[in-house]
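Only one structure is covered here, and it is reproduced in the block below.
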Ligand code: PXP
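Numbering (my numbering), first residue to last: 92 to 357.
Laid out in structure tokens, this is it:
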């Protein structure tokens, strides 16, 4: 089956991260639940792509999962990984549609904070080039910070993925002023990134309640969402959870367009 791309799906793509299906499987060992089956169900619900993070400690996704996803998926695979020699070799062997480079610490529960692109430009630049030479698009997972975005462009990245974790934590804490500040930071970051020619993605911690203000930012063309959707799938199934998220994303984007048209008419 041909792979569907951004152009055939519309302006805001949803990448579904299936890591935590593997977390559940690994809690018991064995093969159930199967992340590949989850990927197919996410696509059935409207996912435009599948994201999986192959961690150094293999706490959820395994090497076999990556092989199966790459061989059997009908949508692009976004491989999240640390910028290490081991991961470079694996990525070049599999050639996913994109690699998202993330910081990784063994003791963290999830990816905390974005990449230090300014501090590691010397090693990141040739790493990015190696992936691109293999035909892989490269994304950097970063804080919504204009200086980091400029460094990402200088390092040759194709994409930046804005880390929405702080925004989501403030929303969970009902900190309205903090949320407004973070949304403004994301809006500015998305604008700067697009202006220097980077494709803009965002993700981390997004839920039905927090997706809207991020989905409204017109420069953002992809959201990557995992933990919340897999959690919701326990109650209502994965296709239904993905379908509802898509609906909220699409609604946010249409509203934005409507508001902009109304403003232009004044
Ligand atoms: N984007 C990146 C780069 C991530 O590392 C993660 C978490 O693995 C996500 C998006 C998705 O975050 P969540 O699982 O909280 O939705």
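Heads up, the beta-carbon is just placed ideally off N, CA and C, and yes, glycines get one too.
Residues bridged to residue i [DSSP beta-bridge criterion]
i, result
"residue 172", "192"
"residue 313", "104, 292"
"residue 254", "294"
Close Cβ partners of residue i (< 7 Å) along its chain, the five nearest in sequence each way excluded
i, result
"residue 261", "269, 270, 273"
"residue 100", "For residue 100, the pLDDT reaches just 43, beneath the cut-off of 50, and the residue's location in the model is therefore unreliable, leaving the point undetermined."
"residue 115", "124"
"residue 290", "249, 250, 312"
"residue 335", "299"
"residue 163", "127"
"residue 276", "235"
"residue 340", "103, 105, 302, 306, 314"
Whole-angstrom C-beta distance between residue j and residue i, which should lie under 8 Å
i, j, result
"residue 311", "residue 103", "7 Å"
"residue 225", "residue 183", "5 Å"
"residue 367", "residue 293", "Only positions 92 to 357 of the chain appear in the structure, and residue 367 is not among them; the question remains open."
"residue 316", "residue 105", "7 Å"
"residue 248", "residue 219", "6 Å"
"residue 193", "residue 173", "6 Å"
"residue 188", "residue 167", "3 Å"
"residue 157", "residue 107", "That belief does not hold up - the Cβ atoms of residue 157 and residue 107 are roughly 16 Å apart, past 8 Å."
"residue 160", "residue 127", "6 Å"
"residue 329", "residue 132", "4 Å"
"residue 222", "residue 190", "5 Å"
"residue 344", "residue 137", "Not really, about 14 Å apart at Cβ, beyond 8 Å."
"residue 109", "residue 130", "5 Å"
"residue 318", "residue 111", "6 Å"
"residue 237", "residue 279", "7 Å"
8 Å Cβ shell around residue i - same chain, five flanking residues per side excluded
i, result
"residue 259", "295, 296, 297, 298, 301"
"residue 96", "A caution first: residue 96 carries a pLDDT of 47, below 50, which makes its placement in the model unreliable, though a value can still be read off. Once the five neighbours on either side are set aside, the close Cβ partners of residue 96 are 167."
"residue 177", "147"
"residue 212", "242, 245, 246"
"residue 204", "194, 234, 254, 256"
"residue 98", "Because residue 98 carries a pLDDT of 46, less than 50, the predicted location of this residue cannot be relied on, and the following value inherits that uncertainty. Same-chain partners within the cutoff: there are none."
"residue 196", "203"
"residue 169", "106, 140, 141, 142, 143, 187, 188, 189, 190, 191, 230, 315"
"residue 179", "218, 221, 222"
Neighbourhood of residue i by C-beta, 6 Å cutoff - its chain only, sequence neighbours within 5 removed
i, result
"residue 146", "none"
"residue 239", "208, 233"
"residue 332", "320, 323, 324"
"residue 92", "For residue 92, the predicted model reports a pLDDT of 47, less than 50, meaning its position is unreliable; a value from the coordinates is still stated below. Only 165 meet the Cβ criterion."
"residue 287", "244"
"residue 256", "295, 296"
"residue 281", "291, 308, 310, 311"
"residue 342", "none"
"residue 284", "240, 251, 291"
"residue 56", "A query on residue 56 cannot be resolved here, the shown segment of the chain reaching from 92 to 357 and no further."
"residue 134", "166"
Identify every run of the alpha helix (DSSP H) within the segment 96-148, keeping only runs that are complete inside it and at least 4 residues long; order them along the chain.
Assignment of alpha helix (DSSP H) within the segment 96-148, counting only whole runs of 4 or more residues, yields 97-100, 110-119, 126-136 in chain order.
Segments of 4+ residues assigned as alpha helix (DSSP H) that fall wholly inside the segment 204-241:
Counting whole runs of 4 or more residues, the segment 204-241 contains the alpha helix (DSSP H) stretches 212-224.
Give every residue whose Cβ lies closer than 6 Å to any heavy atom of the ligand PXP, listed in chain order.
Residues whose Cβ lies closer than 6 Å to any heavy atom of the ligand PXP, listed in chain order: 108, 110, 144, 171, 191, 193, 201, 202, 232, 252, 294, 295, 296, 297, 315, 316, 317, 318, 319.
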